[in-house]
Every structure is written in structure tokens, then in C-alpha cells.
Amino acid sequence: MERDVVERPKIAFDIDACWNRIGTRGDRSCERLDTCQRCLNCPVFERHAALLLDRPLTDADLADAARLAAERAPRANPAPAARDGEAETVHSALAFRVADEWLALPIRVLREITDTRSIHPLPHRRNRAVLGIVNVRGMLRVAVSLAELLSLDARADRAAPRTSFTRMLVVAHRGDPVVFPVDEVEGVLRFTPADWMPVPATVARAGAVHSRGVFAWRGKTIGLLDEERLFDSLTRSLR
Numbered sequence: 001m002e003r004d005v006v007e008r009p010k011i012a013f014d015i016d017a018c019w020n021r022i023g024t025r026g027d028r029s030c031e032r033l034d035t036c037q038r039c040l041n042c043p044v045f046e047r048h049a050a051l052l053l054d055r056p057l058t059d060a061d062l063a064d065a066a067r068l069a070a071e072r073a074p075r076a077n078p079a080p081a082a083r084d085g086e087a088e089t090v091h092s093a094l095a096f097r098v099a100d101e102w103l104a105l106p107i108r109v110l111r112e113i114t115d116t117r118s119i120h121p122l123p124h125r126r127n128r129a130v131l132g133i134v135n136v137r138g139m140l141r142v143a144v145s146l147a148e149l150l151s152l153d154a155r156a157d158r159a160a161p162r163t164s165f166t167r168m169l170v171v172a173h174r175g176d177p178v179v180f181p182v183d184e185v186e187g188v189l190r191f192t193p194a195d196w197m198p199v200p201a202t203v204a205r206a207g208a209v210h211s212r213g214v215f216a217w218r219g220k221t222i223g224l225l226d227e228e229r230l231f232d233s234l235t236r237s238l239r
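Quick note: the sequence shown uses the UniProt record's numbering, first residue 1, plus one each step.
Laid out in C-alpha cells, this is it:
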């Protein structure tokens, strides 16, 4: 199994980020600042957040990301033939930690890794997994808690160490990018199906449902997430 440096493709959807032009992050010429004081209190900012949450999921903006991922994929040497005579496919996934759980997502869903920044909570949020809105390069993104989405042990989440390695993952699959705050990023791992094992029966039901399997790496047990199931659950949490 191999480890690579993380690539950071930058793909974003268009939105009128007026807060960066005439708001508190711009020249402050917006007339609404007299009454709102901050862009976070402005109904225009709130309306953009609501539109971002409610806009339909599409495949259009994933085309370039899929092409870019294919172009950057390494030309691995053919793996030894499997017992049935077919060569095994080499997979790439980003390994990271949430609370005390080590997880991995297929690299094709990764758009960017960014430093941790402020998350602005939404009033009357409909799901605990939705943490709020975060500004990434002038674009509003929905921040989602993987711990809540996967029903990870809340006690472990509280007890897990918070280090300077915390990051935010900007990911997308069949729709607009969302942000997953994580406690640590290990890097990109490369492996074949022969490297992973079925999810143990001791794993919590929610974790098992969202996983394709587990594999061992440097003394850690890493759960390989199934992006289809994960993003299906994510879509339901945003409704």
C-alpha cells in the first residue's frame, strides 16, 4: 500500500459573494451595513445560505473533477494476477481521523483540503449533522459533521484529542461541494481490493452501512467509506 501527497484541485460554483466586494470582507460600501452591522446579520447573506441548502443536486460540475482526477492518477504497474486470472484494480483514498475513528474516502470525491475556519450556525437547523455555513475562498459551503452523519460514539468524539492538525475537506459527489471538518489528515493511500476486509460485526450499524470495508495501515484500522451511501445520507440530512 502506498501513500502520496494530497492533490488540491480547485473547483467551485458561481455565487454573488457580495460580502467580499462591498461587505465586511470588502470595501464596506454596502448600504445594508448601517442597519445589519455585519454581513452575517444580513438577509441577503441568509438567503444565499438557504439557496445553497435547497438547490437541487446535479452532475454537471463533477465532469471536470472526474477528468482531472483521471489525468492525475498514477500509472501503476500491473498488480499480480488474481486467482481468477484478472488483474486487481489499484484504488486511491484519502485517510483522515474524526474523533478516534480513522476513515478514508475515495480520492475522486475530494476537491480541496483547507485550514480550519469559522463555521456560522444556521438558525432553526433541521438536522444535527448540518453544522452551518463556512466561507471557503469566497464561496459559501455547507459544513457537515461526519461524527453525526455516521453516528460515531459521542463520548469518543468529546474525548478525542484536538490538535493543530485539524483540517476541512471540501468534497463533492453528484452535486455541490460540502465541507467535512476532520481532526487529522494522514494522506492518500493506494491499495487493491485484496487489502481490505469486510466490516466487522462489532462496528456500529450506521458505520457499517456507510462502509465498504476496513484495512490495516501502520497499526491503524481504517474504515473505507462508500461514497454512494455516504452522500445519499448527506442528501437526506440537507432536506
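For each residue, glycine too, the CB sits at the ideal point set by N, CA and C. Because the structure is a prediction, the values reported are computed rather than measured.
Check whether the Cβ atoms of residue i and residue j lie closer than 8 Å to each other.
| i | j | result |
| --- | --- | --- |
| M197 | V179 | no |
| S211 | L149 | no |
| R187 | E101 | According to the sequence displayed, residue 187 carries Gly and not Arg. Not a contact, by the Cβ cut-off of 8 Å. |
| P181 | T221 | no |
| A49 | L152 | no |
| C36 | W19 | no |
| V185 | F165 | yes |
| T192 | T89 | yes |
| I119 | L105 | no |
| V98 | L234 | no |
| R190 | H91 | yes |
State the DSSP-derived secondary structure class of residue i, mapped to helix, strand or coil.
| i | result |
| --- | --- |
| A143 | strand |
| A216 | strand |
| L169 | strand |
| R25 | coil |
| E184 | strand |
| A82 | Residue confidence is low: A82 scores 43 on pLDDT, short of 50, so the model does not pin down where it sits. No coordinate-derived value is stated. |
| A99 | coil |
| A49 | helix |
| R111 | strand |
| P43 | helix |
| A69 | With a pLDDT of 49 at A69, under the threshold of 50, the predicted position of this residue should be treated as unreliable, and no value is reported. |
| A194 | helix |
Taking the straight line between their C-alpha atoms, what separation do you get for residue i and residue j?
| i | j | result |
| --- | --- | --- |
| D183 | A129 | 16 Å |
| R47 | D16 | 11 Å |
| D232 | H124 | 22 Å |
| F45 | L140 | 9 Å |
| P43 | C30 | 13 Å |
| L57 | R28 | No answer about L57 holds up, because its pLDDT of 46 lies below 50 and its placement is not dependable. |
| D195 | A93 | 13 Å |
| L146 | N41 | 27 Å |
| R218 | A95 | 12 Å |
| R108 | V170 | 12 Å |
| V209 | N127 | 19 Å |
Going by DSSP, name the residue or residues bridged to residue i.
| i | result |
| --- | --- |
| V178 | V142, V171 |
| S211 | L225 |
| I133 | H120, V142 |
| L234 | Per DSSP, none; premise fails for L234. |
For the segment 173 to 187 against the segment 227 to 235, do three or more pairs of beta-carbon atoms, one drawn from each stretch, fall closer than 8 Å, so that the two count as touching?
yes
So, does the segment 130 to 137 touch the segment 107 to 122, judging by three or more C-beta pairs under 8 Å?
Yes, they touch.
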